[in-house]
Amino acid sequence: MQALVKKDLYTLPKHVFLLNLLWFIPLTNFFTDGSPHKHLILLFLLGSSLILYSNYNTKTSEDMQARLVNSLPVTRKKIVLAKYMTGLIWYLIAFVICSIYVFLFHTFAPFPSRLITPAEYVICLAGTYLFISVYYPFLYAFGDKIAAFLTLFLFITSSIGFQIVLNLAANPRYPQVTEFVESISYHEWLLAGSMLLISLFLTFLSFQASVRIYSKKDL
Numbered sequence: 000m001q002a003l004v005k006k007d008l009y010t011l012p013k014h015v016f017l018l019n020l021l022w023f024i025p026l027t028n029f030f031t032d033g034s035p036h037k038h039l040i041l042l043f044l045l046g047s048s049l050i051l052y053s054n055y056n057t058k059t060s061e062d063m064q065a066r067l068v069n070s071l072p073v074t075r076k077k078i079v080l081a082k083y084m085t086g087l088i089w090y091l092i093a094f095v096i097c098s099i100y101v102f103l104f105h106t107f108a109p110f111p112s113r114l115i116t117p118a119e120y121v122i123c124l125a126g127t128y129l130f131i132s133v134y135y136p137f138l139y140a141f142g143d144k145i146a147a148f149l150t151l152f153l154f155i156t157s158s159i160g161f162q163i164v165l166n167l168a169a170n171p172r173y174p175q176v177t178e179f180v181e182s183i184s185y186h187e188w189l190l191a192g193s194m195l196l197i198s199l200f201l202t203f204l205s206f207q208a209s210v211r212i213y214s215k216k217d218l
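If you want it as structure tokens, here you go:
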């Protein structure tokens with residue numbers, strides 16, 4: 000199991016980190032206005048990007064890696080489990096990078112800001128595993144390119160719906176929506192705990208689905 004996790008870490012091309020920095024640095028201009036939720040989006044995007052890049056392969060390299068991994072004395076269930084566990088490591092890498100960035104921003108920004116709270120880190124972790132729970136079944140069923148497209152499509156659609164809710168909350172004609180959003184923001188740990196429980200449940204279902212799909216594949 001540990002060897003499988005290390006394989007994912009060591010086989011990730013080093014230029015992937017450079018590619019992530021190339022979009023991360025310019026994108027901070029858009030997300031840098033002191034709004035805490037934008038820092039969370041930045042953390043989520045970086046973690047999700049590392050997960051996608053870590054599973055990107057050409058068809059030839061994908062087949063070679065599949066044959067190599069399946070030649071090891073481990074079950075396919077453990078191979079899938081290692082993928083889900085590695086997702087936590089990618090999140091932690093994004094966690095460190097974004098925490099350093101937000102700290103520097105908070106220290107030197109010319110306008111008020113604040114650091115990311117522990118509850119917000121939990122919310123981001125839950126969001127990352129929601130991403131994983133959608134992505135990996137698609138990955139084992141259709142391959143990395145189609146899986147990335149379908150997962151990004153679903154999350155972009157969801158983000159549009161989320162933005163609509165925020166717009167309604169800002170509209171005085173919909174006080175019920177405003178009160179609901181404000182009540183959530185006042186109970187940060189309740190939201191974090193709820194999201195974490197939901198993500199754990201969906202990740203468990205996703206893991207079972209991924210194992211079933213991968214076990215039926217002829218590699």
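Quick note on numbering that gives the first Met the number 0: the sequence shown kicks off at 0 and runs consecutively.
Here a beta-carbon is modelled for each residue, glycine too, at the ideal position from N, C-alpha and C.
Which listed residue (the options) has its alpha carbon closest to that of residue i
i    : options               : result
W188 : H105, T127, V121, K37 : V121
D143 : F203, S182, N54       : N54
K76  : L8, L3, L41           : L3
Y216 : S157, P136, I145      : One point to set straight first is that residue 216 is Lys, not Tyr, in the sequence displayed. Nearest C-alpha to K216: P136.
T202 : S132, H105, T116, F16 : S132
F161 : S47, A108, H36, F107  : H36
T85  : W22, V15, K5, T106    : K5
N119 : N166, F206, S193      : It should be pointed out that residue 119 corresponds to Glu in this sequence rather than to Asn. Closest by alpha carbon: S193.
A191 : T116, I88, V15        : T116
S47  : S98, V164, Y134, P171 : Y134
L199 : Y185, A108, L151, L87 : L87
S262 : Y185, N166, Y83       : The structure shown does not extend to residue 262, since the chain spans only 0 to 218, so no value can be given for it.
Q1   : L195, S182, A81       : A81
Rounded Cβ spacing between residue i and residue j (contact assumed at less than 8 Å)
i    : j    : result
V210 : V73  : Not confirmed; about 13 Å, so no contact.
L45  : I96  : 6 Å
A140 : I212 : 5 Å
P52  : L11  : With the sequence shown as reference, residue 52 is identified as Tyr, and Pro is not the correct amino acid for it. Yes, they are in contact, since the Cβ atoms of Y52 and L11 sit about 7 Å apart, within 8 Å.
L138 : A146 : 4 Å
F104 : S112 : 6 Å
Whether residue i touches residue j by CB criterion (9 Å)
i    : j    : result
I197 : L129 : yes
Y100 : L124 : no
I50  : T127 : yes
F94  : L39  : no
Contact test: residue i Cβ vs the ligand ADP heavy atom, cutoff 8 Å
i    : result
P171 : As for the ligand ADP, it is missing from this structure, which has no ligand bound.
Task: Every unbroken alpha helix (DSSP H) within the stretch 117–180, with a cutoff of 4 residues, ordered by chain - done: 117–141, 143–169
Open item on the list: As an exercise, report each continuous beta strand (DSSP E) stretch of at least 3 residues that is fully enclosed by the stretch 74–110, in chain order.
Closed with: none
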